[in-house]
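**Q** Shown below is the structure under consideration.
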Amino acid sequence: MRAMNFRSVLFMVFALSLISQNILADELPDTPEGFTWYEAKNGAGTFLKPDNWYVKEEIRDGTNALFISREDINGKGRFSVGFSVNYLPSFSTKNISMKPSQYAKQFVQKIIDKNEVLKAGVVKGGPSDMNIVRTLSDNSGIKTIVHHISIGMDDKDAVYFISFEAPESEWEKLYPIAGTMLNYFLF
């Protein structure tokens, strides 16, 4: 596993500090140019949405999902470039015999075990660890990079799975967008 660079760690610590705060909509930090805050109606949190990108929310089997994508997924149901959040509230009611933090670690380990890993680590420093892994995989014949963040919040009985994915051929160009979306969010 590669060590995370200092800049990435600072961004992650900032994001973790936001997690534990109760910030009202009128108190949200200013957005970077080209982004607006989007507050999920299904309770998944508040995230940065690039201008002219699409949003879809759903609740299925006790998971509140949010998708922010470059392509409109309402017709196809899939995107090639986008950001996903899966929020599992009331985790202890899901008949899984482990704490949210343990489940989040296990989730990332399964990704590590099954994929080509480009980067992996754990960011500590807030109320909950952020388990991180970036992978390269084949998505219907297209080499795709996916950056995963898994957060288990024992004190809130919740788990968050956050990811950004893009074709490998576009990753460098899209990394500034991915980095911004993955580093600034509120639960």
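Counting from 1 along the sequence shown, just add 1487 to a position and that's the residue number in my numbering. Ideal Cβ positions, reconstructed from N, Cα and C, are used throughout, including at glycine.
(1) Report buried or exposed for GLU1614, applying the criterion of at least 16 other Cβ atoms within 10 angstroms of its Cβ.
(2) Note down the Cα distance separating TRP1540 from ASP1642, rounded to an integer number of angstroms.
(3) Residues in the same chain with beta-carbon distance under 6 Å from ASN1509, minus the five sequence neighbours each way, listed in chain order, please.
(4) Per DSSP, which residues does ALA1620 bridge with? Please list them.
(5) Can you give the beta carbon distance from ASN1551 to ALA1531, rounded, assuming they're within the 8 Å contact cut?
(6) Taking the C-alpha atoms as reference points, what is the distance between ASP1559 and GLU1544?
(7) Exposed or buried, what is ASN1582 when buried is set at 16 or more other beta-carbons lying within 10 Å of its beta-carbon?
(8) Would you be able to state if there are at least three C-beta pairs under 8 Å between the segment 1589-1598 and the segment 1623-1642?
(9) Going by DSSP in three states, GLN1508 sits in which element: helix, strand or coil?
(10) Less than 8 Å between the C-beta atoms of SER1624 and ASN1602, yes or no?
**A** According to the structure data:
(1) Reading the sequence shown from its first residue, position 127 is the one you call residue 1614. Note that residue 1614 is Pro in the sequence shown, not Glu. Result: exposed.
(2) Locating residue 1540 in the sequence shown gives position 53, counting from the first residue. Locating residue 1642 in the sequence shown gives position 155, counting from the first residue. The straight-line gap from Cα to Cα measures roughly 33 Å.
(3) Counted from its first residue, the sequence shown places residue 1509 at position 22. In this predicted model, ASN1509 has a pLDDT of only 46, less than 50, meaning its place in the structure is not dependable; the value taken from the coordinates is given anyway. Same-chain partners within the cutoff: there are none.
(4) For the purposes of this step, residue 1620 is taken as residue 133 along the sequence shown, with counting starting at 1. In the sequence on display, residue 1620 carries Val and not Ala. In DSSP, VAL1620 forms a bridge with ALA1607, HIS1635.
(5) By 1-based counting over the sequence shown, the position of residue 1551 is 64. By 1-based counting over the sequence shown, the position of residue 1531 is 44. Confirmed, Cβ separation roughly 5 Å.
(6) For the purposes of this step, residue 1559 is taken as the residue at position 72 of the sequence shown. For the purposes of this step, residue 1544 is taken as the residue at position 57 of the sequence shown. Rounded to whole angstroms, ASP1559 to GLU1544 spans 12 Å at the Cα level.
(7) Within the sequence shown, residue 1582 is the residue found at index 95, counting from 1. The residue is exposed, with fewer than 16 neighbouring Cβ atoms inside 10 Å.
(8) yes
(9) On the sequence shown, residue 1508 is found 21 positions in, with the first residue counted as 1. Note that GLN1508 has pLDDT 44, beneath the 50 cutoff, so the model's placement of it is unreliable and no number is given.
(10) Along the sequence shown, read from residue 1 onward, the residue named residue 1624 stands at position 137. Along the sequence shown, read from residue 1 onward, the residue named residue 1602 stands at position 115. Yes, they are a contact pair.
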